[in-house]
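Q: Numbering (my numbering), first residue to last: 9 to 323.
Idealized CB from N, CA, C, for every residue including glycine.
1) Sort out for me which residues DSSP pairs residue 142 with in a bridge.
2) For residue 159, does the three-state DSSP call read helix, strand or coil?
3) On a Cα-Cα basis, can you pick out the residue from 51, 204, 259 and 277 that is closest to residue 10?
4) Alpha carbons only, please: which of 304, 55, 276 and 267 is nearest the one belonging to residue 288?
5) On the premise that residue 117 lies in contact with residue 151, defined as a C-beta separation below 8 angstroms, what is that separation, rounded to the nearest angstrom?
6) Per DSSP, what kind of secondary structure is residue 84 in: helix, strand or coil?
7) By DSSP, does residue 277 sit in helix, in strand, or in coil?
8) Give every residue of the same chain whose Cβ lies closer than 8 angstroms to the Cβ of residue 104, excluding the five residues on either side of it in the sequence, and list them in chain order.
9) How about residue 198 and residue 44: do their beta carbons lie closer than 8 angstroms?
10) Classify residue 265 as buried or exposed, calling it buried when 16 or more other Cβ atoms lie within 10 Å of its own Cβ.
11) Apart from the five residues on each side of it in sequence, which residues of its chain come closer than 8 angstroms, Cβ to Cβ, to residue 35?
12) Alpha carbon to alpha carbon, what distance is there between residue 74 and residue 38?
13) For residue 77, which beta-bridge partners are listed by DSSP?
14) For the putative contact between residue 84 and residue 247, defined by C-beta atoms under 8 angstroms, what is the C-beta separation to the nearest angstrom?
15) For residue 48 and residue 113, I'd like the C-alpha separation in whole angstroms.
16) Rounding to the nearest angstrom, what Cα-Cα distance links residue 128 and residue 33 in this structure?
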């Protein structure tokens with residue numbers, strides 16, 4: 009999945025800077041999950057280091073920092089920690105091995121804890137002339153202002169539906185299915201590509217849409233039973249919170265469709281097979297609760313308490 013779908017302006021921007029050798033020392037690549045940050049960064053870094061994308065994983069002048077797995081528990085760690093940033097700082101202050109630049113990538117930069125962010129700040133305040141740092145994030149507001157003010161933010165927006173459909177058809181996905189995936193992916197190429205690669209992932213998405221619709225009109229105890237499996241592995245809180253955020257994002261899309269339907273904008277609805285008929289005030293109230301819950305999950309509020317507030321708001 010190394011092909012970039014959309015984001016032509018960002019591609020042209022970095023290509024021009026690379027050719028002129030006028031790149032800044034630090035960038036934040038900002039965009040929702042699945043929008044295409046990873047394919048884009050591979051192309052950018054390959055351009056900077058003058059190598060093929062296939063050789064990036066063995067190139068000595070690139071380092072990537074992301075959330076690690078705890079070796080003892082085999083669960084994903086909650087944060088990118090200070091030790092990882094110290095390792096990165098040690099790396100970037102060495103001269104490049106092969107070319108003019110070293111590249112450092114922090115994937116999921118919003119996951120840095122306070123100590124890690126402070127450690128990174130020292131690197132940004134005293135940048136090495138030969139190093140370019142990229143922060144990949146879907147939530148730039150989660151980064152401290154001191155970091156945001158020292159990087160140039162490049163925002164990736166949702167990709168046109170036609171471009172996603174064309175990319176799927178190039179992969180020999182039949183036209184009707186490509187159209188469905190492109191429509192339901194709501195501008196997120198990575199989502200459509202994952203569905204094309206594995207239909208079970210798409211089935212899981214549809215299951216979540218149906219779960220949201222099934223909550224309407226049910227008493228609270230039945231709603232709690234319907235959503236119980238969302239809380240997943242009680243011993244892996246990080247993974248559970250991540251999956252819950254994904255589910256809530258799907259619920260938001262279903263509610264957005266309901267709002268479009270109320271407004272007579274049927275052509276903008278994504279989930280044609282669902283018919284959600286609830287008052288506008290309830291749609292807005294549930295949507296507000298979902299937004300609050302996603303923020304609460306980021307702040308480590310107990311997931312069940314947050315979801316219960318959403319379910320109470322469902323009519």
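A: In short:
1) 35 and 113
2) coil
3) 51
4) 267
5) 6 angstroms
6) strand
7) coil
8) 69, 110 and 138
9) yes
10) buried
11) 140, 141, 142, 143, 159, 160, 161 and 162
12) 16 angstroms
13) 84
14) 6 angstroms
15) 13 angstroms
16) 13 angstroms
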